[in-house]
Amino acid sequence: MTLRDYITAVPKVDLHVHLEGSMPPETLLRLARKHGIALPVNTLDEVRDWFTFIDMPHFVNIYISISRVLQTPEDIEQLARDFLKGQAAQNIVYSEVTYTPYTHYHQKGIPFHEQLDALNRARRWAEDTLGVTMRYIFDIARELTPAEGAITADWVIDAFHEPDSGIVALGLGGYEVGHPPGKFSDSFARARDAGVTLVLHAGEHGGSVNIHGALAEGSVRIGHGIGCIDDAPLVALLRERQVPLEVCPTSNVCLGGSATLAAHPIQRMIDAGLNVTVNSDDPPMFNTTLTEEFIRCAETFGWSAHQVDRLIMNAARSVLLPPDAQAALEAHISGGMVDARVKYL
Ligand SMILES: [Zn+2]
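So for the sequence shown, this note's numbering puts the first residue at 19; every next one is plus one.
Now the structure itself:
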């Protein structure tokens with residue numbers, strides 16, 4: 019048996035995956051037909067080809083189409099169910115899903131709570147039938163104005179402490195250049211004051227400066243974070259604090275954060291003693307899965323099963339669950355690692 023079989027079988031955690039960016043081609047086609055929305059392509063094979071990543075404008079076009087077909091709360095529930103089926107098929111037992119509620123409110127008028135209820139229906143269905151679950155990081159798209167960003171912050175602040183809301187953080191996503199975390203300082207300060215956790219994207223395209231900015235805002239993890247690598251004092255700080263870094267290797271190669279996987283800084287980050295996790299970002303759009311991310315990195319950097327286990331455990335220890343639920347997740351994954359080793363190694 020091979021390391022590939024082991025990685026496929028072992029229980030995994032995804033801390034950085036966008037729900038809208040995870041729409042399977044089948045779901046896109048089904049929802050487009052349901053609403054009579056024309057896509058640039060018509061058959062499943064054509065959608066799969068269309069999804070094969072080309073460049074940033076192409077990525078944006080696909081994202082726009084995905085957003086357009088999500089017309090109703092039922093569509094959001096369908097997407098979340100299909101996503102969770104895919105996670106279960108990879109034995110990804112727990113995901114912290116980034117989702118952008120403002121998009122669906124602003125473009126289609128779907129009230130925030132109808133979106134949250136739809137996600138929670140899918141979550142409870144998956145817990146009952148698939149044995150996997152998810153929590154939510156609702157993010158502000160950094161291209162928005164501070165006033166627009168404040169709408170998402172208000173929703174999260176209001177719902178964060180509702181029992182079993184599923185919300186674990188307020189996030190910040192989108193294209194970094196020209197949009198530093200400090201743009202939304204007012205929202206982040208209000209969220210912190212209300213006891214809301216922050217998890218911000220930083221250091222994907224913007225170098226280390228936005229990572230400094232995200233830490234200054236109180237971000238407990240860093241989405242991507244690869245821009246730290248050429249900033250030695252920042253690397254020392256991230257190592258000392260063991261700030262979890264949500265690294266998404268293939269996404270970085272596709273969107274220009276790294277020229278090739280071999281040139282990707284993930285191995286240097288691990289060697290520097292940083293708290294690295296491996297994540298998938300927008301997997302179907304980059305022709306990947308979390309399982310594939312581990313396999314590609316293991317092949318490129320010569321990782322052993324032991325190294326894979328350490329990275330999975332970094333993620334399991336960095337989740338935003340209450341301590342007892344975190345411990346239960348960690349124990350479940352440890353047990354799964356033993357089982358997978360017996361079977362595949
Ligand atoms: Zn992301």
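Glycine is no exception: its CB is placed at the ideal position from the N, C-alpha and C atoms.
Model, not experiment: these values are computed from the prediction.
Helix, strand or coil at Met41 [DSSP, three-state]: coil
Just how far apart, CA to CA, sit Pro181 and Asp357? 34 angstroms
Run through the stretch 95–151 for me and flag every whole beta strand (DSSP E) of 3 or more residues, listed as ranges in chain order. 110–117
For Val326, does the three-state DSSP call read helix, strand or coil? helix
Going straight from the alpha carbon of Ala144 to that of Ile94, what length do you get? Between Ala144 and Ile94, the C-alpha separation is close to 14 angstroms.
Supposed contact pair Thr268 and Phe304 - C-beta distance, whole angstroms, cut 8 angstroms: Contact check for Phe304 and Thr268: beta-carbon distance about 5 angstroms, within the 8 angstroms limit, so the pair qualifies.
Ala171 and Leu137: beta carbons closer than 8 angstroms? no
Those runs of the beta strand (DSSP E) which lie wholly inside the stretch 234–322 and span at least 3 residues: Counting only runs of 3+ residues, the beta strand (DSSP E) found wholly inside the stretch 234–322 occupies 237–242, 263–265 and 294–296, in chain order.
DSSP has Leu188 in a bridge; who is on the other side? Under DSSP, Leu188 takes part in a beta bridge, and its partners are Phe156 and Leu216.
Helix, strand or coil: which one does DSSP assign to Asp32? It is a strand residue.
Give a yes or no on whether 8 angstroms exceeds the smallest Cβ distance from Leu263 to chain B. Protein chain content of the structure displayed is limited to a single chain, and chain B is not contained in it.
Reducing DSSP to helix, strand and coil, say where Ser85 ends up. Here DSSP, grouped into helix, strand and coil, assigns Ser85 to helix.
Going along the chain, which residues of its own chain have a beta-carbon closer than 7 angstroms to the beta-carbon of Pro43, five neighbours each way excluded? Leu62, Val65, Arg66, Phe69 and Pro302
Where do the N-terminal and C-terminal ends of the alpha helix (DSSP H) with Tyr362 fall, by residue? Pro341 to Tyr362
For Val227, the three-state DSSP class (helix, strand or coil): helix
By a C-beta neighbour count over all protein chains shown, 10 Å radius and 16 as the cutoff for buried, is Gly127 buried or exposed? With fewer than 16 Cβ atoms within 10 Å of its Cβ, Gly127 is classed as exposed.
Report whether the distance from the Cβ of Asp299 to the nearest heavy atom of ligand 1 is below 7 angstroms. Yes, ligand 1 has a heavy atom inside 7 angstroms of this Cβ.
So, is Val195 buried or exposed, given that buried needs 16 or more other C-beta atoms within 10 angstroms? In the assembly as shown, Val195 is an exposed residue. Its beta-carbon has fewer than 16 other beta-carbons within 10 Å.
Apart from the five residues on each side of it in sequence, which residues of its chain come closer than 8 angstroms, Cβ to Cβ, to Gly213? Phe178 and His179
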